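Notes for the one structure printed next.
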Amino acid sequence: EEAPPAEEFTPVGEDYSMEETTPTIDYIPPEEPTPETPPYIREEKTDDFDDDSMEPDYRTLDYIKRLNQKNQTINYVLSILRFFPYAEPFKHNLKGYNWWLIDLDSDNEYKAFLPYFAHVVGGNNKEYYDSSITTCTQLMNKYQHYLFGLYNEGEEVKYFLYGIPGTFTLDEHPYRGVNGFNTWYEGQNVPGYWVIYIDPMTGKAVDLPNPMIPIT
258 EEAPPAEEFT
268 PVGEDYSMEE
278 TTPTIDYIPP
288 EEPTPETPPY
298 IREEKTDDFD
308 DDSMEPDYRT
318 LDYIKRLNQK
328 NQTINYVLSI
338 LRFFPYAEPF
348 KHNLKGYNWW
358 LIDLDSDNEY
368 KAFLPYFAHV
378 VGGNNKEYYD
388 SSITTCTQLM
398 NKYQHYLFGL
408 YNEGEEVKYF
418 LYGIPGTFTL
428 DEHPYRGVNG
438 FNTWYEGQNV
448 PGYWVIYIDP
458 MTGKAVDLPN
468 PMIPIT
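Per the numbering used here, numbering through the sequence shown is continuous, rising by one, with the last residue being 473.
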């Protein structure tokens, strides 16, 4: 008995044709992106307001004012010092120091315009000095000169300096140190110099940590 043709064994209701069919997919709408500031530029909102934040920093303004004044004074000083001879008056080289010799017997009119000269002539306290105390003026008249200097740290002018000639003794210690002449360096052509350090930002004498005070 012959076997029936292959199509006769095809189950009813099933389609085994080789044609491709497109699957049906339910449509899902895409989520709309939510705008968001990237974390690295996100700004925090706050209701706290600092009233002082809008106020100028007067300490900074005062510093800038003093710095400008310092720079102007330095430029002014340098323009005057070119009229005086550069000096190396000390026995030992002092690193960072530059000195100019101001000769009292000179008719140079610019010698009267160096800054903060009041420290040399006694400042505001000159009326209180005892007549027995040696003054800078007396020492300058005795040795017929004084020094003006600049102390630098790198490119910055750190201090203005005055050097008054004299010995390391009580008798020739200007104002007994009250006015700030409390550092003494040995000189080449004179016994030495009493030096005062002046802050160019304030114009005030600087109290150094190790003053040199003669005992005799």
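The beta-carbon is built from N, C-alpha and C at its ideal position, and this holds for glycine as well. The structure presented is a predicted model; accordingly, all values stated were derived computationally and were not measured.
Inset, instruction - Count the other CB atoms, across all protein chains shown, that sit within 10 Å of the CB of L361; report buried if there are 16 or more and exposed otherwise. - result: Per the 10 Å Cβ criterion, exposed.
Inset, instruction - Give the DSSP-derived three-state secondary structure of I472 in the structure shown. - result: Of the three classes helix, strand and coil, the one that applies to I472 here is coil, per DSSP.
Inset, instruction - Could you say if the region 422-429 and the region 390-404 meet the contact criterion of at least three C-beta pairs nearer than 8 angstroms? - result: The region 390-404 and the region 422-429 touch, with three or more beta-carbon pairs separated by less than 8 angstroms.
Inset, instruction - With a cut-off of 8 angstroms on the beta carbons, I'd call N355 and L407 a contact; round off their distance for me. - result: So it is a contact: roughly 5 angstroms between Cβ atoms.
Inset, instruction - State the start and end residues of the unbroken beta strand (DSSP E) segment that holds Y450. - result: Under the DSSP assignment, Y450 falls in the beta strand (DSSP E) whose first and last residues are G449 to I455.
Inset, instruction - Starting from K399, follow the alpha helix (DSSP H) in both directions and report where the run begins and ends. - result: DSSP places K399 in the uninterrupted alpha helix (DSSP H) bounded by C393 to Y400.
Inset, instruction - Whole angstroms is fine: what's the gap from V452's alpha carbon to Y416's? - result: So the alpha carbons of these two residues sit roughly 11 angstroms apart.
Legend entry - For D362, the three-state DSSP class (helix, strand or coil): Coil, per DSSP.
Inset, instruction - Between the Cα of F341 and those of F370, E429, H349 and G379, spot the shortest distance and give me the residue it belongs to. - result: Per the Cα distances, F370.
Legend entry - Other residues of its chain near Y333: CB distance less than 6 angstroms, five sequence neighbours each side excluded: Within the same chain, Y333 has no close Cβ partners at all.
Legend entry - Where A375 falls, given that 16 or more other Cβ within 10 Å makes a residue buried: Label assigned to A375: exposed.
Legend entry - Residue range of the unbroken beta strand (DSSP E) whose run includes V377: Unbroken run through V377 is the alpha helix (DSSP H), A375 to V378; no beta strand (DSSP E).
Inset, instruction - Please work out which residues of its chain come closer than 8 angstroms, Cβ to Cβ, to L324, disregarding the five sequence neighbours upstream and downstream, and give them in chain order. - result: Excluding positions up to five away in sequence, the list reads M458.
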